[in-house]
Every structure is written in C-alpha cells, then in structure tokens.
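Going by full-length UniProt numbering, the sequence shown opens with residue 1, and the numbers climb by one from there. Ideal Cβ positions, reconstructed from N, Cα and C, are used throughout, including at glycine. See below for the structure under consideration.
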Amino acid sequence: MYRNAAIYTGDSGTPPAQAMAVDGELLLAVGGEAEVREAAGAGAELIDLEGAAVIPGLYDAHIHTAQYAQSLDAVDLRDVRSLDDALAKVAAHAARLRPGAWLFGGRWNSNTWDPPTQPDRYALDSVCPELPVALPSVDGHTVWANSAALRLAGIDANTPDPVGGEIVRDADGEPTGILRESASYPLRGLMVSPDLRDLLRAAQEELLALGLTSVHDIDGEDCRAAYLELHDAGELKLRVHKSIPMIHLEAAIAEGRRTGQGDDWVRTGPVKIFSDGALGSHTCHMSESFAGEQGNVGIAVTPYEDLVRLFARASGAGIAVATHAIGDRAAHLVIDAYEAVGRAAGLRHRIEHAQHLRPGDLARMARLGIVASMQPVHCTSDIDLVDSLLAGHELASYAWRGMLNVGVALAFGSDAPVEHPNPFAALYAAVTRTRTDGTPAGGWQPEQRLSMAEAITAHTLGAAYAAGEDDRKGVLAPGKLADFIAVDTDPYRESPDAVLRTNVMTTVVGGEVRWQRI
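Below you can see the structure in the form of structure tokens.
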C-alpha cells in the first residue's frame with residue numbers, strides 16, 4: 001500500500017486520492033487511506049511517499065530507444081557552432097574507438113553554424129580517414145558520411161538517386177557525403193551495434209529516472225530482438241510497444257505479427273512508414289515552396305500510390321500504421337490514403353509529428369480517427385526555422401489546441417535522441433509554447449497552448465490510446481497496471497517553470513519500484 005501522497009489518477013472528474021493498494025502488477029484500490037487500508041488488508045506492506053505528488057507513469061509515444069542508447073556514448077554535435085568545432089569533436093571521439101568500429105552520433109545542425117555551410121565527406125576524411133562515419137543531422141533526415149562509409153554502402157558516382165531520396169553530388173557528379181532521406185537507408189543496415197542489449201539495459205535506467213514507464217519504440221528489428229532478450233532474461237523494467245520498420249513489413253506479416261500481440265512488457269506496434277522528410281533538412285513535403293527556395297517543396301519519400309498499397313497491406317494483416325508526415329502536403333496525402341483504405345476494426349492509425357497541416361485537415365483527422373503523435377519540444381526548438389522557412393504559408397502548426405477542439409486524439413513523446421527524452425520539458429513546451437528561457441514572451445502562436453492537465457493526459461492516456469493499450473494503462477484505477485511515478489513538484493498546482501524542473505523521486509512499473517532517487 002502506497003500512502004501519504006497527492007495521487008492524481010488521470011480521471012479529471014475525481015479529486016486526488018490519498019493512497020493506493022497494489023496486488024502483484026495491478027492496482028487493487030485507489031482512494032482515501034481508510035478504504036484503501038481495508039482493501040489491502042492488515043498484512044499489506046506500507047510505503048510512505050512522504051507527501052509527493054503521484055501521476056500515472058509517463059508514456060513516450062515516439063522514441064528511438066536504440067539510437068538514444070547509442071547516443072549516451074557517442075559523439076554529440078548538437079551544440080557545436082562551426083564545421084571546425086564539429087571536426088574536432090569527431091577526431092577526439094574517433095581516437096577512443098577500436099579499429100573497424102563505426103563512429104556513432106551526430107545530431108549536427110549546419111543551419112546554426114558560423115558560417116552556415118553544408119559539410120562534405122572530405123572534411124570527415126581529414127580527421128577520420130579509416131573508420132566509417134555516418135552522422136545524422138539533428139532531425140535525422142540528412143546523413144553526413146565519410147568516404148569509408150560510402151564505400152561500405154556501395155555508394156559512388158554511378159549510384160542513382162533512390163525514390164524518395166537524394167545523393168548530393170559535386171560538379172563532377174561525385175557524392176559529397178550528404179545523403180538525404182531514403183538515400184541514407186543503405187547505411188542504416190550497416191550501422192548495427194553489437195552490444196545493443198547492454199546499451200538498452202543501461203538506457204532504460206535513464207528513462208525510468210525521467211518518469212517514463214512505457215515507450216513506443218520506432219527503431220529497427222535489432223532493437224526488437226534486444227528487448228526480447230532482456231524480457232526473457234527478466235531484465236526489462238520498461239514497457240515497450242515496438243514498431244515494425246516498413247522494410248520488414250512483409251517479413252512481419254509472414255511471421256504472423258499483429259498490432260497488440262505480446263504481453264504487457266513487449267507488444268507489437270504499428271508499421272512505421274515515411275511520407276516525407278523534415279523541416280531542418282528542407283525536405284518536408286509542402287504545398288508551397290520554402291521561403292527563398294523557389295521550386296523546393298521538399299521530398300515525397302513514399303509516393304501516394306505506395307502509401308495506399310502499404311496501408312492496405314498492413315491493415316489487412318491486422319497491423320496498424322504510423323506514418324511520418326511533417327509538411328502539410330505530406331499530411332494531406334497521408335489522410336487521403338487512410339481515407340482510401342478505410343478504417344479497420346481495432347486498429348488506430350497515426351500521423352507521426354503532424355507538425356504543419358492545412359487547417360481543414362484537422363477535422364478530417366478527427367472524422368477518420370487518426371491519432372496525432374506529436375512531440376511538443378519540436379515546436380519550441382523549431383520556432384525560428386518555421387518563421388523563416390514557412391513565412392506566408394497558411395498552416396495549422398503544432399496545432400494541439402485546434403486538434404483537441406475538433407476531437408483529434410493527441411499522443412505526446414520526445415523523438416529522442418532528436419530531442420532530450422525528458423517528458424517534463426514536453427509538458428512545459430505544450431503549456432507555454434516558449435523555449436526554456438521563456439522566449440518568445442507569451443508563447444509562440446499562444447492560441448494553441450494546452451492546460452497542464454491536457455498535456456499530462458496526452459503523455460499518459462493519450463499515448464496508451466494510440467497504442468491500443470488504454471484498457472491497461474494511462475490512468476490509476478483498480479484493475480489497471482500499477483505504473484506510476486512520485487515527483488517533487490505538483491504539476492497541477494505549481495507553475496510550468498516549476499514543472500520543468502521536476503525531479504522524479506520514485507518510478508513504479510508493475511507494482512515494483514524500478515528506480516528511486518537516492
């Protein structure tokens with residue numbers, strides 16, 4: 001029995017409870033201390049939460065946990081402000097690696113470099129001529145590779161651009177080392193970490209410390225295999241809803257995988273499909289050209305006809321679809337494709353990111369039951385980029401309020417390691433629409449702000465709903481999974497600034513304390 005806490009159950013119609021009784025992995029009773037004591041029985045173990053606030057365990061609806069795990073010991077280029085600084089960091093990291101190892105990391109943003117410049121393979125070759133290097137940009141949609149990596153991937157002057165991608169070339173037709181969208185896919189199959197199970201075991205501790213009790217992982221089959229190994233070994237402490245990469249869809253169907261299959265620790269999720277690129281890489285698919293780039297409307301990574309075919313194939317096999325769409329044209333085509341295929345009983349299709357939409361498409365999403373899987377910190381990270389690249393476009397951008405108003409289900413996440421996985425930063429961004437320094441004053445497009453209760457719901461029950469797991473988690477009620485966190489800040493009563501600085505004190509998953517602040 002957990003007592004002495006302000007327990008917010010996630011049910012907006014009920015006041016905070018005082019205590020909870022847990023039996024095994026499930027909640028037995030939630031309410032006043034006397035009634036919970038009676039339900040728990042005289043022999044129940046008492047755990048004093050010392051006046052903490054308690055909320056349902058936070059659920060990240062879109063996170064790349066394998067990439068995040070690798071990033072914990074990889075070169076991090078987020079904060080570098082010039083090409084020279086980036087190369088110095090790469091060189092220092094390369095010196096620590098064994099011969100033949102891939103150099104992981106990246107997350108560079110040449111838009112912020114002084115001077116802004118598109119890097120090339122020759123620069124990487126100058127500091128790392130032998131180890132293969134492939135560094136995703138901050139949005140993950142452009143990869144900067146050296147010559148060794150290009151050779152291993154078989155990319156040279158004679159390699160044609162793939163559908164939905166671009167091999168950037170110099171005046172002589174030679175690859176520069178910049179690969180956009182699907183052109184980088186050959187490298188993904190090569191960049192496999194041999195110790196992913198160990199990395200994920202360590203990374204789950206970081207995520208539990210942030211208050212995450214469930215994740216919807218968007219990485220590959222190697223990540224799925226590593227999680228299943230951790231589960232079989234009894235070492236998994238975090239619940240995983242595991243997506244299927246598009247390139248493995250046919251194999252997954254042949255194996256009989258279906259969305260929702262599995263147990264409360266590892267379940268099969270949707271197939272992940274890319275419709276377009278990203279704003280930072282100037283590859284999200286827009287209806288109008290980017291400002292100052294006449295004719296550039298981004299990249300349709302998966303053509304519309306293929307979207308319809310893939311959606312129908314997956315849905316017919318009992319697999320939900322989660323489609324990446326950032327630009328308004330991409331989202332419009334994805335909605336068209338979902339409508340063409342029709343709704344399938346028991347499947348909740350999603351748009352991942354849904355950052356920039358045609359205003360009229362919000363109601364279409366609601367009507368078709370399409371979930372908006374969004375990452376609030378992307379909004380505050382991209383303010384300057386949106387204002388510069390999308391100036392003059394008529395858009396509903398990061399339209400959380402507009403979506404809720406018309407009945408679109410919201411599921412919040414981080415897209416880590418693109419952003420940090422801290423869910424309290426996401427709650428702050430959703431409520432304020434400001435950067436952590438408080439700018440812009442009053443929030444960017446403040447009419448789209450959410451209340452703290454709405455933001456928490458999107459990061460708990462909303463994420464569970466998107467995964468088809470809302471019957472098991474997302475609220476604290478008898479019969480639900482005993483997944484909850486105790487925090488040192490009351491998010492319903494204290495300021496957004498205080499919530500941003502929240503410390504998690506205890507993380508409970510399945511009725512067991514999985515992490516505790518010392």
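Our two residues, H231 and D384, have alpha carbons roughly 43 Å apart in a direct line. Judged by beta-carbon spacing, W102 lies beyond the 8 Å limit of A86, meaning their Cβ atoms are not closer than that value. In this structure the region 289 to 304 does not touch the region 341 to 350; the number of beta carbon pairs closer than 8 Å is below three.
For N111, there is no enclosing alpha helix (DSSP H), as DSSP marks it with neither H nor E. Per DSSP, reduced to three states, the secondary structure at P440 is coil, with no helix or strand assignment.
Distance from the CA of Y227 to the CA of R201, rounded to the nearest whole angstrom, comes to 9 Å.
For N4, the enclosing beta strand (DSSP E) begins and ends at 2 to 7. Annotation for G295: S289 place their beta carbon closer than 8 Å to its own, counting only its chain and skipping 5 residues before and after.
Taking 8 Å as the upper bound for CB-CB distance, P270 and I319 are in contact here, some 6 Å apart. Residues T9, G10, D11, P56, L461 of the same chain have their beta carbon placed closer than 7 Å to that of V475, with the five preceding and five following residues left out of the count. Fewer than three beta-carbon pairs drawn from the region 493 to 503 and the region 67 to 75 are found closer than 8 Å, and the two stretches are therefore not classed as touching. The three-state reading of DSSP puts R151 in helix, counting H, G and I together.
In the DSSP assignment, W144 is bridged to L135, I178. In the DSSP secondary-structure assignment, L124 is not bridged to any residue. Residue pairing by DSSP places M20 opposite Y2, V30 in a beta bridge. The criterion of a C-beta distance shorter than 8 Å is satisfied by A411 and A61. Restricting attention to A39, A29, H349, S315, the CA atom closest to the CA of A252 is found in S315.
With a beta-carbon spacing of about 6 Å, L135 and G105 fall inside the 8 Å limit used to define contacts. By the neighbour-count criterion, in which 16 or more other beta carbons inside 10 Å mark a residue as buried, V143 falls on the buried side.
Of the other Cβ atoms in all chains shown, 16 or more fall within 10 Å of the Cβ of V90; this residue is therefore buried.
The C-beta separation of L210 from V418 comes to about 16 Å, leaving the pair out of contact by the 8 Å criterion. Per DSSP, the unbroken alpha helix (DSSP H) holding T457 starts and ends at 452 to 458. For R350, the enclosing beta strand (DSSP E) stretches over residues 350 to 353. Ranking A317, G479, A21, V168 by CA distance to the CA of E255 puts A317 first. Three or more pairs of CB atoms, one per stretch, sit closer than 8 Å, so the region 108 to 125 contacts the region 145 to 162. Assignment of D382 by DSSP, reduced to helix, strand and coil, places it in the coil class. Take Q516, set aside five residues on each side of it, and the residues of its chain with a beta-carbon closer than 6 Å to its own are T506, in chain order.
Nearest C-alpha to A153 among P175, T176, L187: L187. In its chain, beyond the 5 residues on either side, D276, G277, A278, G298, I326, G327 have a beta carbon closer than 6 Å to the beta carbon of C284. Under the 10 Å beta carbon count, A52 is surrounded by 16 or more other beta carbons and is classified as buried.
Taking the Cβ atoms as the reference, P478 lies roughly 6 Å from L28, within the contact range of under 8 Å. Looking at the backbone, the Cα of L238 and that of G392 are separated by about 44 Å. By alpha-carbon distance to L77, the top candidate from H64, Q67, S110 is S110.
Annotation: H64 is outside any beta strand (DSSP E) and is labelled neither H nor E by DSSP. A Cβ-Cβ separation of about 5 Å places E174 in contact with A157 under the 8 Å criterion. In this structure, the beta-carbon distance from E25 to G413 does not fall below 8 Å.
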